[in-house]
Structure formats: C-alpha cells, structure tokens
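**Student:** In this text, residue positions in the sequence shown follow the numbering used here: the first is 178, and each later residue adds one.
Even for Gly, the Cβ is constructed at its ideal location relative to N, Cα and C.
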Amino acid sequence: MTTIQAGEFWVANILFTSGSSSKKRPILVLWLDGDDVVAAAVTSAKPRTSTDVELNDWVTSGLRVASTVRLSRLDCLEKSLLIYCLGKVSEGDGERLKQVWNTYIKLRF
Numbered sequence: 178m179t180t181i182q183a184g185e186f187w188v189a190n191i192l193f194t195s196g197s198s199s200k201k202r203p204i205l206v207l208w209l210d211g212d213d214v215v216a217a218a219v220t221s222a223k224p225r226t227s228t229d230v231e232l233n234d235w236v237t238s239g240l241r242v243a244s245t246v247r248l249s250r251l252d253c254l255e256k257s258l259l260i261y262c263l264g265k266v267s268e269g270d271g272e273r274l275k276q277v278w279n280t281y282i283k284l285r286f
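#1: Could you check the C-alpha separation between L263 and L284 for me, to the nearest Å?
#2: Just checking, does the region 237-253 make contact with the region 215-229 on the three C-beta pairs under 8 Å criterion?
#3: Where T228 and V246 are concerned, what is the direct C-alpha to C-alpha distance, given to the nearest angstrom?
#4: Assign D210 to buried or exposed, taking buried as 16 or more other Cβ atoms, counted over all protein chains shown, within 10 Å of its Cβ.
#5: Run through DSSP, which three-state label would L236 get?
#6: What distance in whole Å lies between the Cβ atoms of L259 and I181, which are believed to be in contact at a cut-off of 8 Å?
#7: Give me whichever residues DSSP pairs with R202 in a beta bridge.
#8: Can you give the beta carbon distance from V206 to L248, rounded, assuming they're within the 8 Å contact cut?
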C-alpha cells in the first residue's frame, strides 16, 4: 500500500451514516493512528464558520476546484478507504490551518 502522510489530500470512500453506500470525497489527512487516519472534510463551498479554511494554493495541492478545509468536520477512516493521493498542503495553507486549529478547536468540557 502507498504510504499515507499527514498534510496530504486524498480521495476517500466516505461511508454514509446508514452504512449502505459511500461517496468518493476529498479529505485532508491530519494525523495517523494505527490503521486509521483522522481527516478533515474538503469542500468546494465557501467558508461559513471560523473553523473553515479557504485554500489559497488549491491548484498546486492537486485539487480540481477552489476548496475549503472544514476543521469542524472530522472523520476517523480506515486507511483502506483512501483511494489515491491528490497532493500535499502548501506551507502557507498548512500554517493557516494550524493557526485556525490552535485558535478555535478546543475541548468544551
């Protein structure tokens, strides 16, 4: 299997809640945990919350359209659900993602 690294954009089979079907969607790998990855959703929609980060370098990252990473939409996925790598997050976009994460993603208990 291809090596998966944090900071890479992948196309993954995202299972519907019912488990009856799936859809191929882009994701950003945030970290690896054994046979799983923790990933953020990637969408073509404009940012709508403070935890959405619009990518400046989406073309060089391998994405087909202008994209936003939704840090509030996380999935824990088996590595086997990742189909192929699109590219890697740019240094600038990566720094902005880290800044938003460190500012807004906090445990609330």
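**Tutor:** Reading off the structure:
#1: Each residue's CA atom was taken as its position, placing L263 and L284 some 31 Å apart.
#2: Output reads yes: the region 215-229 touches the region 237-253.
#3: Straight-line Cα distance between these residues: approximately 8 Å.
#4: Result: exposed.
#5: Leu is not the amino acid found at residue 236; the sequence shown has Val there. Reduced to three states, the DSSP call for V236 is coil.
#6: Right, their Cβ atoms sit about 6 Å apart.
#7: DSSP lists A189 as partners of R202.
#8: Going by Cβ atoms, the distance from V206 to L248 rounds to 13 Å, so no, they are not a contact pair.
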